[in-house]
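Take a look at the structure set out below.
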Amino acid sequence: MSYDTVTCLFCQTKNDTSLENCSHCGMALAKNHPEGKAKISFFVKAFWGIVIFCVVMIIYLPR
């Protein structure tokens, strides 16, 4: 048995990753969950890159 879980997007029930359908509501489980760590990690890196770029442009560009 796997200890990894995926949350159902419809009813928010935790399910084993080996299941194809939610054990509570029967909806199909997402293959790539939108709350995946890879997507969040990419978003954080892109967000801070844009913030740093904007701060540098505010300082660098003449007024």
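Numbering (the numbering used here), first residue to last: 45 to 107. Think of the CB as a built atom: it goes at the ideal place given N, C-alpha and C, for glycine as much as any other residue.
The alpha helix (DSSP H) with residue i in it runs from where to where?
{"i": "K75", "result": "That residue, K75, is in no alpha helix (DSSP H); it is neither H nor E in DSSP."}
{"i": "C98", "result": "K81 to Y104"}
Between the alpha carbons of residue i and residue j, how many angstroms are there, rounded?
{"i": "A74", "j": "C52", "result": "8 Å"}
{"i": "C66", "j": "A82", "result": "23 Å"}
{"i": "C98", "j": "T49", "result": "38 Å"}
{"i": "F86", "j": "E64", "result": "27 Å"}
{"i": "I84", "j": "V95", "result": "16 Å"}
{"i": "Q56", "j": "H68", "result": "9 Å"}
Hey, could you find the ends of the beta strand (DSSP E) residue i is sitting in?
{"i": "N65", "result": "Run containing N65: none; DSSP gives neither H nor E here."}
{"i": "D48", "result": "Where D48 is concerned, there is no enclosing beta strand (DSSP E), given that its DSSP letter is neither H nor E."}
Below 8 Å on the Cβ atoms is my contact criterion, and I expect residue i with residue j to pass it. Report the Cβ-Cβ distance as a whole number of Å.
{"i": "F91", "j": "M71", "result": "That pair is no contact at about 31 Å."}
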